[in-house]
Every structure is written in structure tokens, then in C-alpha cells.
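Trainee:
Numbering (our numbering), first residue to last: 1 to 77.
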């Protein structure tokens with residue numbers, strides 16, 4: 001997902017959007033590192049976190065009811 005205009009710095013203190021955008025930039029790197037370490041469970045969770053973060057930035061609500069199903073489908077290490 002491309003960073004949105006909400007990610008632009010506003011003041012001297014980081015705001016919520018800057019923090020989310022920084023995390024959005026970091027997650028693909030973490031996913032790649034987990035893949036290099038051959039940790040499909042970690043890759044899965046970084047993918048889920050990235051998708052959830054994209055939804056938050058787009059203004060879509062979180063689906064907390066889906067968490068048990070995500071855990072059940074999670075690869076086991």
C-alpha cells in the first residue's frame with residue numbers, strides 16, 4: 001500500500017498517522033527478514049498486520065471477531 005497524504009509530517013512531534021506510516025514502511029522489511037529466516041508463522045503475522053494497518057489508514061474498522069480465526073489458520077512453527 002502506498003503512504004497516504006495522512007502520512008505527511010505535521011509538526012515537530014510524531015502524530016498517530018506518522019507512527020502508522022512508519023510501521024507500514026517497516027512491516028515489509030520484517031516480513032522479508034522472517035522469510036529469510038524461514039519462519040512462515042512470522043511472515044503470516046506480518047502480512048496480517050500489514051493488511052490491518054492498511055485498513056486503519058483507509059478508515060476501515062478492525063474486525064476483532066476475526067482474530068480467533070486468524071490464530072487458528074496461522075502456520076505453526
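Every residue gets a Cβ at the ideal spot worked out from N, C-alpha and C, and that includes glycine.
As the structure is a prediction and not an experimental result, all values here were calculated from the model.
Pick from 48, 54, 56: whose alpha carbon is nearest that of residue 68?
Mentor: Translated into the one-based positions of the chain shown, residue 68 becomes position 68. Cα-wise, what sits closest to residue 68 is 48.
Trainee: In angstroms, rounded to a whole number, what distance separates the CA positions of residue 58 and residue 20?
Mentor: As a position in the chain shown, residue 58 is number 58, starting the count at 1. As a position in the chain shown, residue 20 is number 20, starting the count at 1. Each residue's Cα considered, the two are about 11 Å apart.
Trainee: Tell me whether residue 30 sits in a helix, a strand or coil according to DSSP, three-state version.
Mentor: Here the question's residue 30 lines up with position 30 in the chain shown. If DSSP states are grouped into helix, strand and coil, residue 30 belongs with the helices.
Trainee: Name the two residues that bound the continuous alpha helix (DSSP H) containing residue 37.
Mentor: Residue 37 sits at position 37 when you count from the first residue of the chain shown. Premise fails: residue 37 is in no alpha helix (DSSP H) and is neither H nor E.
Trainee: Which of helix, strand or coil does DSSP assign to residue 50?
Mentor: Mapped onto the chain shown, residue 50 falls at position 50. It is helical.
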